[in-house]
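Numbering (the working numbering), first residue to last: 114 to 292.
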């Protein structure tokens, strides 16, 4: 046994295999969809340590509640994190609209990595509805009642309308009041 280090000759000869460099993708903060044009949602990809070699990563988007090519531009591609660097971004284009809807999600999945190992390989992007100021209003049209039948019975039909279309279910509570 080595008197200074306290190791046997066999222990000195064994080599420790370094842990692999890991690739992770982070969930970004949500992005407001906007009313026209496009925006960009950036997903950060991180290495667990700096390397002396390039790392190439392939990825693909997938619809969740957001529809590809409607709410966001689908993508399947690759990128390189250059030697000496530790991060890169995947930029996904978000399409604006004026539709009142729930917040929507989609995923970016890292499919493979050359020069490192995948760890957390999926992240969720959230497209935040920003059309709440344009929420439709509800209106009720006046109705008239013809003379009731001989039994004193009659009915009225009230037309209820929205000022604009909505993809969110709209419900209305109502009651009748005798006047």
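A virtual CB, placed ideally from N, CA and C, is assigned to each residue, including glycine. Given the structure is predicted, the values throughout are model-derived calculations rather than measurements.
Rounded straight-line distance, which links the Cα of residue j to that of residue i
i, j, result
"residue 185", "residue 207", "4 Å"
"residue 171", "residue 271", "57 Å"
"residue 266", "residue 256", "16 Å"
"residue 142", "residue 238", "7 Å"
Candidates the options, of which the one nearest residue i by Cα
i, options, result
"residue 198", "263, 169, 225, 254", "169"
"residue 251", "285, 238, 242, 136", "285"
"residue 162", "187, 135, 146", "135"
"residue 223", "230, 213, 215, 234", "234"
Beta-carbon proximity check, residue i vs residue j, cutoff 8 Å
i, j, result
"residue 290", "residue 273", "no"
"residue 151", "residue 209", "yes"
"residue 228", "residue 164", "yes"
Beta bridge counterpart(s) of residue i as assigned by DSSP
i, result
"residue 204", "155"
"residue 189", "173"
"residue 253", "273"
"residue 223", "172"
"residue 150", "Answer is none; residue 150 lacks a bridge partner."
"residue 291", "Beta-bridge pairing links residue 291 to no other residue."
"residue 140", "Partner(s): none; residue 140 has no beta bridge."
"residue 239", "218"
Inter-residue CB distance, residue i and residue j (contact presumed, cutoff 8 Å)
i, j, result
"residue 201", "residue 158", "5 Å"
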